[in-house]
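Asker: First the structure, then my questions, so here it is.
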Amino acid sequence: MPKVEYAPHKDGDCFVNYENKVFEDIKAKPGEKALITFHTVANEGSVGFVNLLQATRLIRKGFETSVLLYGPGVTLGVQRGFPRLGDEAFPGHMNCNKQIAKILEEGGKVYACRFALQALYGYGEQNLIPGITPINPQDVLDIILLARRDNAFILNTWTL
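Position 118 of the sequence shown, counting from 1, maps to 118 under our numbering, and the rest follow consecutively.
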């Protein structure tokens, strides 16, 4: 057997230069907007949570930020927990719910399609995280068109 002669890594060691920022740190100009859309199932991949983090970052950069939950994306906005609502069954179980609450606390707006809630997933408006605004299914296209008209930054989140 070959002998390994390297000291093991320790907590606090770094593998990369995380302080080296390559690009300018963009901040919103007054009145700039952002829209993040979600057509993804909660907890079935990282894209939903990662782009909720991006929405939070956009708020902190000064963008008037809205989040649109439609299709399977409405599952991101449903209250959850186990054994009771709000209980975290395992570490990270409530990441999306907590991030949506943070977005709302920091001034972001979150909208959920009523059609997807009821017709697709069997939820009612009472199942949404408090602060989420339920919208008509015809508003799904209109919020995107309004963002486009306002020259907003739009980040579309899709999974199949």
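Yeah, the Cβ is synthetic: ideal placement off N, Cα and C, and Gly gets one too.
#1: By the DSSP assignment, the beta strand (DSSP E) with Asn156 in it spans what residues?
#2: Between the beta-carbon of Pro137 and the beta-carbon of Phe115, is there less than 7 Å?
#3: According to DSSP, which residues form a beta bridge with Val168?
#4: Between the segment 113 to 128 and the segment 69 to 80, can you find at least three pairs of beta-carbon atoms closer than 8 Å?
#5: Thinking Gln99 and Leu53 are a contact (beta carbons under 8 Å), I'd like their distance in whole angstroms, please.
#6: Can the beta-carbon of Gly62 be found closer than 7 Å to that of Ala28?
#7: Just verifying my parser: in three-state terms, what is the DSSP assignment at Glu247?
#8: Just mark Pro72 as buried or exposed, buried being the case when its beta carbon has 16 or more other beta carbons within 10 Å.
#9: Three-state secondary structure (DSSP) at Cys96?
#10: If Leu68 sits next to Ile143, beta carbons under 8 Å apart, how far is it from one beta carbon to the other, in whole angstroms?
#11: Would you be able to state if there are at least three C-beta pairs under 8 Å between the segment 35 to 49 and the segment 89 to 96?
#12: Measure how close the beta-carbons of Ile59 and Ile103 come, nearest whole angstrom, since I'm counting them as under 8 Å.
#13: Whole angstroms are fine: how far does the CA of Ala112 sit from the CA of Ile26?
#14: Just reading off the beta strand (DSSP E) that Thr65 is part of, what are its end residues?
#15: How about Asn151 and Thr37: do their beta carbons lie closer than 7 Å?
#16: Ends of the beta strand (DSSP E) at Phe49?
Answerer: Answer, in terms of the structure:
#1: 153 to 158
#2: yes
#3: What is shown of the chain runs 1 to 160, which leaves residue 168 out entirely.
#4: yes
#5: 6 Å
#6: yes
#7: The requested residue 247 does not occur in the structure, where the chain is confined to residues 1 to 160.
#8: buried
#9: helix
#10: 6 Å
#11: yes
#12: 7 Å
#13: 29 Å
#14: 64 to 69
#15: no
#16: Careful: Phe49 lies outside any beta strand (DSSP E), inside the alpha helix (DSSP H) at 47 to 60.
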